[in-house]
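Written below as structure tokens is the structure these notes are about.
In the numbering used here, the protein residues as written are 50 to 196.
Next up, the structure:
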């Protein structure tokens, strides 16, 4: 059973995703039909300030560098914290620029999502994670089931 040590770094993709999301929210806020509400301009200004404050707050909270190990079978262990071993769940998803990894605890019923952006890990580690996830997402077919 091979285990791989992977270290994550803060991601620029995450910052772009946050910026794009809040830009769309601001654009939709200012595309309201003019004068459809009394005091609409003031409402839009206040909501814009709230959105900008939220965007800056979220973007400033950089995702910390974390270190974990993962086995070929999908056993996940955070190495920078004393946490229990987790298992990759088939609900995980793979895209070309991001991995949504659903982890389930082997001991308790704890579940959580981990987002790994392509630029937050080394290229070889991202490919390795994709291969491990694909293996965990595919149902295991035995010879008896195949025949």
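Every residue gets a Cβ at the ideal spot worked out from N, C-alpha and C, and that includes glycine.
* Can you round the beta-carbon distance between residue 152 and residue 161 to whole angstroms, since I take them to be within the 8 angstroms contact cut? -> On the chain shown, residue 152 is found 103 positions in, with the first residue counted as 1. On the chain shown, residue 161 is found 112 positions in, with the first residue counted as 1. About 6 angstroms separates the beta carbon of residue 152 from that of residue 161, a gap short enough to meet the 8 angstroms contact definition.
* Going along the chain, which residues of its own chain have a beta-carbon closer than 6 angstroms to the beta-carbon of residue 185, five neighbours each way excluded? -> Within the chain shown, residue 185 is the residue found at index 136, counting from 1. Taking C-beta separations shorter than 6 angstroms and ignoring five residues to either side along the sequence, the partners of residue 185 in its chain run 123 and 137, following chain order.
* To do: Classify residue 127 as helix, strand or coil using the three-state DSSP reduction.
  => The count along the chain shown starts at 1 and reaches residue 127 at position 78. Three-state result, residue 127: strand.
* To do: Ignore the nearest five residues each way along the sequence and tell me which others in residue 93's own chain have a CB closer than 8 angstroms to its CB.
  => In the chain shown, the residue the question calls residue 93 occupies position 44. Once the five neighbours on either side are set aside, the close Cβ partners of residue 93 are 78, 79 and 81.
* Using the DSSP secondary-structure output, state which residues sit across from residue 152 in a beta bridge. => For this step, residue 152 is matched to residue 103 along the chain shown. DSSP, once it has assigned bridges, lists 137 and 161 as partnering residue 152.
* the stretch 52 to 61 touching the stretch 109 to 116, judged by at least three CB pairs closer than 8 angstroms -> Yes, the stretch 52 to 61 touches the stretch 109 to 116.
* From 176, 139 and 75, pick the residue whose C-alpha is nearest to that of residue 101; which is it? -> Numbered from 1 along the chain shown, position 52 holds the residue referred to as residue 101. The shortest C-alpha separation from residue 101 is found at 75.
* Asked: Count the other CB atoms within 10 Å of the CB of residue 72; is the residue buried (16 or more) or exposed (fewer)?
  -> Reading the chain shown from its first residue, position 23 is the one you call residue 72. Within 10 angstroms of the beta-carbon of residue 72 lie fewer than 16 other beta-carbons, which makes it exposed.
* Name, in chain order, the residues that DSSP records as bridge partners for residue 53. => Residue 53 sits at position 4 when you count from the first residue of the chain shown. Per DSSP, the beta-bridge partners of residue 53 are 119.
* **Proximity winner among 168, 183 and 54, relative to residue 64 (alpha-carbon distances)** => Taking the first residue of the chain shown as position 1, residue 64 is located at position 15. Closest in alpha carbon position to residue 64, among 168, 183 and 54, is 168.
* **Alpha-carbon spacing of residue 69 relative to residue 154, whole angstroms** => The residue given as residue 69 occupies position 20 in the chain shown. The residue given as residue 154 occupies position 105 in the chain shown. Each residue's Cα considered, the two are about 33 angstroms apart.
* Asked: Are residue 128 and residue 118 close, meaning C-beta to C-beta below 7 angstroms?
  -> In the chain shown, the residue the question calls residue 128 occupies position 79. In the chain shown, the residue the question calls residue 118 occupies position 69. Here residue 128 is near residue 118, since their CB atoms are less than 7 angstroms apart.
* Which first and last residues belong to the alpha helix (DSSP H) in which residue 70 is found? -> As a working note, residue 70 is residue 21 in the chain shown. Run containing residue 70: 61 to 79, per the alpha helix (DSSP H) assignment.
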